[in-house]
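First up is the structure itself, then whatever we jot down about it.
Residue numbers (the UniProt record's numbering): 1 to 1188.
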């Protein structure tokens, strides 16, 4: 049977010539024509060939059996499916990945070079790619290893590599055979069939009838091979057999078959293919007809660009140059996004100018798909241009895979809460019967999301982990000291949380526990499938699919359907291969997820009329009417190749020297670059009507990119220039930018911002377009976006009536909340007006530690007071018994259970207990050195959580509003002398706190003075009945901590480390009440006072800002109350500012500790957002101001 070459230039349309050949052959109705095309564009080529043949026949219908279009893969299937052979269904890639993963794990100890690669993502795919390359190239690793050892023994690295790869491949093949899956591709089986046709006696394999029928079919078939510039070794062998049995026409882009081309010539790749096929025909003594040259009968512009590309010295002038410039457009554009936008605009314009032009007639080609992929969907959707991007999607990114990963993590890590929450957030596990709503309703899912959020907040707050999920009993939430109306909300939260947690236990925990009884891989797959169905996962995927169909998103609907089907295929393959394998969880997981990791979905166009987007290397001449080729920068075109295979470039160069005839191995990347000239040639001829070539000037943060040297050469020879396409500017006219109403919103938003900055007005054309926009269906969205342009990050004032509704007629406030007001008014509004809260976390932070210290110290001191124990008489043993009893009591409280949840927490609890034991000892010795004695602890003033305390401070405001303060004083110490009462307030602090006059005056440190004010009034009311008889010795901070001690530290050294700080009475006659134990030239260990050499009490040096007279303390109280009044008046007037403080002296900012920065969006770079500066103030200045 004959072989014939049909050749011609790329500027020539080969298809009419080939269709005429087909038509002539089909004049005999018993004959058949089969076009063989590359697999990557088989779908579009099939449409193109059938459509053009129909035109040629001038008929609406013809026999599609007589004219068919296949890829090599489909061709093999086509002939094998009807033969009565023991045809082996090849193992699909998923099954191969599973087997290979098992082989690698079994062979791990026998590998040196690749042992560390086994767990690396992508290694299995690299191995399979290599096996496929060798298979299609008619090679085996054993052959390569033998030849290498024989001829290139000195290359030990390559020998070691081949040895280990051979070991893996042999084990892989052995495993395939053991599983009754011969490692034979469809091509190889088809080749066997074609070989049998030449044998005399095939009665044992192929019936004579089928043999004769197949030979007759092949003899009456003309195979037209088109679209290839090279073939694999396997494809060469198929062609060899077809030439022997049938008629084969090879269509090839070539200028002169008889010419010898240099490696850098455009036609070098196709000439090499031509020569190789010619050699095969001669070796097999097959007839070769005279070559047919395909000539063009069209008068087009393509030969002009072809001529200059084939001859570097050629230049276009005159009419030729003018004609080319009407079809070839060269752009340089700011960045990839603008390239795509300009492309979209141009496509819209072309569609308007040419009514017969369809989207399918337009293609977009990209040398670097990854660079443009993030923007393609956004830009083309905005322009309302349907497109088809042929990039496979990975199954690995689907929520179903995440669900299974987390399910397996439960078994491995025993229900880590992060895994559980990720599991819920896939939204594939939605238990039935949670709500009184239809389960197929979206409202049911919205309610489920809220319940998951509640559960997550609880889990984070209470640190639930591991065994907490695996118990069948309900979780109990802690009731803290909040208002009573919060209790019901907490109960509701507890009920919702336990409802969802119980469903998780029934469906998931029980399933994980049941895995322990599984004995085989087959049983595990069956249980996993049953769980996916019974838990509603399958139904939920169907719901997602149906929702996508309702939204007319067929691509997404197909994705969900494909994902489920793919998972079922993996399960089926797994069960078929490993049903009886002894169950091992780790191996099961490794094999399963190895298959999932590399599974990809191919996509089909959801409609015929779409813009085709493809990689540039898949280009062919005259592929579309209009081509846009973007991203043609230096380095991207021609491409720089990276070698990602297991054979390095050096390995490939060596191995090429040992190959036999008919064996193929991919060339090193240096040889692959030789094809770039041909790709460029095909790209420049890819459009029959209009060709647009562009490159970006900037990409991300890299600037000043240069054009591809191919483009530079083209512009020089064609005497054309790049046209700079400007992005949208304030003075731009709409003509070159309009794509859609949605796009107009973005453009007008940008223009309004530009004109605002430059203090200009929009042009009349854009104003008219804005009017049109405001009459369209996008008007509401446009108004919402345009409003943002005039937005200032300022707080709006509240109407006084609204402020009263928000805060109540009477404001019940803690002193710390008023301090928050002076930190930032907007923070107060968010926290105490809107009642925003950070996510609660029951963790051992400063707040919980402080609460634990306060509770413990309060109980210890209260016990001493209640039992009327004298601190002087308190023995070490008795003190230790008291503190241990308190520790036991605290651990029974739910909020401190965290301290017993783990060994780490137990250790931390021990450290806290040591600190508290130390503090009890300190307080005892401090009490032994002062006349003041602890009298009350945790004194509640005002109302808190329904409990009424002592009288509070009430501040009257305008319009009959009032502030009622509430809070707790940690400790009140008293000393009575005759009718006078001396008091001091002690506030426990976990940090080293000092009384700062500047902070106090600015409203940031109101606590100590407020406590002192409340204490004075309380003692005056309850004891002396005369405020003048109450002498405030001060308000102190006691640092609760355990300092680092030296062995040489004495008891006095230790007590000194706990000396009070804060505010002290500056009246020397009372210093001996503070510390009566001092002798001459001695400093107090408890207070900042001392006795000088004259025997008189005095302040310690450099403590002026700590001491105040009674009159000054009264002035401080007055200033404090005035600050409260100002805060209250401002709140009820509705005045509101974003005004965080900034302390000039210490550079401390309110925003550094604010949890609401993401809400207020305070930005010091905005004119309207500035810090409220707080300057340092001293005593004299403060009292001179008189509190103003």
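The beta carbon of each residue, even a glycine, is placed where N, CA and C say it ideally should be.
For residue 136, no beta strand (DSSP E) segment is defined; the enclosing uninterrupted segment is the alpha helix (DSSP H) at 123–136. Rounded to the nearest angstrom, the gap between the Cα atoms of residue 667 and residue 10 is 25 Å. Here residue 19 is buried: its Cβ has 16 or more other Cβ atoms, across all protein chains shown, within 10 Å.
From the listed residues 1101, 101, 148 and 1155, the smallest Cα separation to residue 119 is found for 101. In the structure shown, residue 465 adopts coil according to DSSP, grouped into three states. Annotation: residue 639 to residue 177 spans about 41 Å, alpha carbon to alpha carbon. For residue 1070 against residue 1023, the beta-carbon gap comes to about 17 Å, at or over 8 Å, which does not count as contact.
For residue 542, no beta strand (DSSP E) run applies; the uninterrupted alpha helix (DSSP H) run containing it begins and ends at 537–550, by DSSP. Under the three-state reduction of DSSP, residue 331 is assigned to strand.
Across the set 328, 1004, 627 and 711, the C-alpha of 627 shows the shortest separation from the C-alpha of residue 347. For residue 424, the enclosing alpha helix (DSSP H) stretches over residues 417–425. Ranked by how close their Cα comes to the Cα of residue 303, the residues 718, 55 and 353 have 718 in first place. Within the model, the alpha-carbon separation for residue 40 versus residue 618 is close to 8 Å.
At a cut-off of 3 residues, the continuous stretches assigned as beta strand (DSSP E) that sit fully inside the region 719–798 are 723–725.
Nearest to residue 664 by C-alpha distance, out of 231, 37, 1086 and 1137, is 231. Between residue 934 and residue 971, the CB-CB gap stays under 7 Å. For the 7 Å CB-CB criterion, residue 46 and residue 136 do not form a contact. Between the alpha carbons of residue 288 and residue 676 lies a distance of about 30 Å.
Going by C-alpha positions, residue 15 is about 52 Å away from residue 116. Taking the C-beta atoms as reference points, residue 736 is found no nearer than 7 Å to residue 1169. Fewer than three beta-carbon pairs drawn from the region 877–893 and the region 999–1008 are found closer than 8 Å, and the two stretches are therefore not classed as touching. Taking 8 Å as the upper bound for CB-CB distance, residue 985 and residue 1035 are in contact here, some 4 Å apart.
CA-CA distance, residue 996 to residue 1147, rounds to 15 Å. Where residue 895 is concerned, there is no enclosing beta strand (DSSP E), because DSSP gives it neither an H nor an E. Within the same chain, and ignoring the five residues on either side of residue 570 in sequence, the residues whose Cβ sits closer than 6 Å to its Cβ are 94 and 595. A straight-line Cα-Cα distance of about 34 Å links residue 922 and residue 463.
For residue 358, the closest alpha carbon among the candidates 610, 259, 323 and 246 is that of 610. When the five nearest sequence neighbours on each side are left out, the beta carbons in the same chain lying within less than 8 Å of the beta carbon of residue 1177 are those of 997, 998 and 1001, in order along the chain. Residue 637 is positioned such that its CB atom lies closer than 7 Å to that of residue 367.
Counting only residues of its own chain and dropping the five nearest sequence neighbours on each side, residue 53 has a CB closer than 8 Å to the CB of 19, 22, 23, 62 and 67.
If you look at residue 1173, you'll find it in the beta strand (DSSP E) that goes 1172–1174. According to DSSP, residue 1090 shares a beta bridge with 1083 and 1098. Excluding its 5 nearest sequence neighbours in each direction, residue 755 has C-beta neighbours in its own chain below 8 Å: 730, 761 and 762, listed in chain order. In terms of Cα proximity to residue 239, the closest of 4, 1110, 130 and 292 is 4. Contact between the region 629–636 and the region 442–455 is absent: fewer than 3 CB-CB pairs across the two stretches fall below 8 Å.
Cα atoms of residue 1117 and residue 781: separation of roughly 54 Å, rounded to the nearest angstrom.
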